[in-house]
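Chains as they are written, first to last, in the working numbering: chain A, -16 to 79; chain B, -16 to 79.
Glycine included, every Cβ here is placed at the ideal spot set by N, Cα and C.
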DNA sequence: TTAGTTTGCTACTAAAAAGATAGCAAGAAG
DNA sequence: CTTCTTGCTATCTTTTTAGTAGCAAACTAA
């Protein structure tokens, strides 16, 4: 699955997240996402652009329509992960 | 997101996929998933077990209830990725 | 018991990916 | 021209991932 191969990379998903509201320049992304070097950042931005999930114009980087669609798919995971963490903590308190 | 940190690991998702039908032993998993060393395989199995997504009994490794729930969430991505790949190939034929 | 298998796992080492630092080139603004 | 911002990358170090080889426990069969 090529999609997951893209999202799997460190900072990939994080950068998408940062762009949900406003377009940001690469330097703005770098300072908002504490502790990421420009090397890694630009590597991810290039990959996400090649995947048509983000776009780059005079305002900076922003999500494409596809990028926004993808984000919709990710939402259910937020809900489920709460349920999941609950299971984990219960199990760990029982078993050590 | 701890969940994604787990699934992000190489072979993590692939191993879950292999277990959707039947329980498999670690050696069966290794031969079904061509080209994975036992080191990596067992590392992933350990992580997935700690995350309560798979379980290990006398029949081998199998998905837990949580593991199956998670798989339900992943299904929409299969559909969407077709749509995504379509966009990518259109774009690439236009732009080279 | 002993020899042979299967299964789960792990040391050890090599290869690949990620990361940090430093700095360049293009464009805008003064 | 100088200064600043932005996008990007070459180089090097660190961390992750991968491959080989092999061990120990459980099981089978003689």
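Considering only beta carbons, the part of the region 57 to 75 of chain B lying closer than 7 Å to chain A consists of 59, 60, 63, 64, 67, 70, 71 and 74, in chain order. Looking at the DSSP output, residue 37 of chain B shares a beta bridge with B:46.
Closest in alpha carbon position to residue 34 of chain B, among A:55, A:66 and A:62, is A:66.
Here residue 7 of chain A carries a strand assignment [DSSP, helix/strand/coil].
Going by beta carbons, residue 15 of chain A and residue 44 of chain A fall outside the 8 Å limit. From the listed residues B:5, B:-10 and B:77, the smallest Cα separation to residue 40 of chain B is found for B:5.
Taking a contact to require three or more Cβ pairs closer than 8 Å, the region -10 to 4 of chain B and the region 50 to 59 of chain B qualify as touching. Here the alpha carbons of residue -10 of chain A and residue -16 of chain A stand approximately 10 Å from one another. Annotated as proximal: residue -14 of chain A and residue 60 of chain B, with beta-carbon spacing under 8 Å. Neighbours of residue 7 of chain B in chain A, taken as residues at a C-beta separation under 7 Å, are lacking, since the least C-beta distance is about 20 Å.
Sixteen is the threshold: since fewer than 16 other Cβ atoms of the shown chains lie within 10 Å of the Cβ of residue 25 of chain A, the residue is exposed.
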